[in-house]
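J.: Below: one structure in structure tokens.
Numbering (the UniProt record's numbering), first residue to last: 1 to 58.
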């Protein structure tokens, strides 16, 4: 087969060697947490908007 030619039979006959064990994967439930997060910085919306304008000007 020459450079750049495509043979569909090569694509169909590929054998994949997968040596995966059941324990090799990632445990997606390992760090599951239930709860809520609250944050109160004590600043009003006007104060926060003023601070944002100051940051933008810098």
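Glycine included, C-beta positions come from ideal geometry on N, C-alpha and C.
Strictly under 8 Å for the Cβ-Cβ distance: is residue 26 near chain B by that measure?
T.: In the displayed structure, chain B is absent; only one protein chain is listed.
J.: Which of helix, strand or coil does DSSP assign to residue 48?
T.: Locating residue 48 in the chain shown gives position 48, where the first residue counts as 1. In the structure shown, residue 48 sits in a helix (DSSP, three-state: H, G or I).
J.: Taking only the alpha-carbon atoms, compute the straight-line gap between residue 29 and residue 35 and give it to the nearest angstrom.
T.: Along the chain shown, read from residue 1 onward, the residue named residue 29 stands at position 29. Along the chain shown, read from residue 1 onward, the residue named residue 35 stands at position 35. The straight-line gap separating the alpha-carbon atoms of residue 29 and residue 35 is approximately 15 Å.
J.: Ordered along the chain, which non-local residues of its own chain (more than five positions away) have a Cβ less than 8 Å from that of residue 43?
T.: Counted from its first residue, the chain shown places residue 43 at position 43. Cβ neighbours of residue 43 beyond the five flanking positions: 51.
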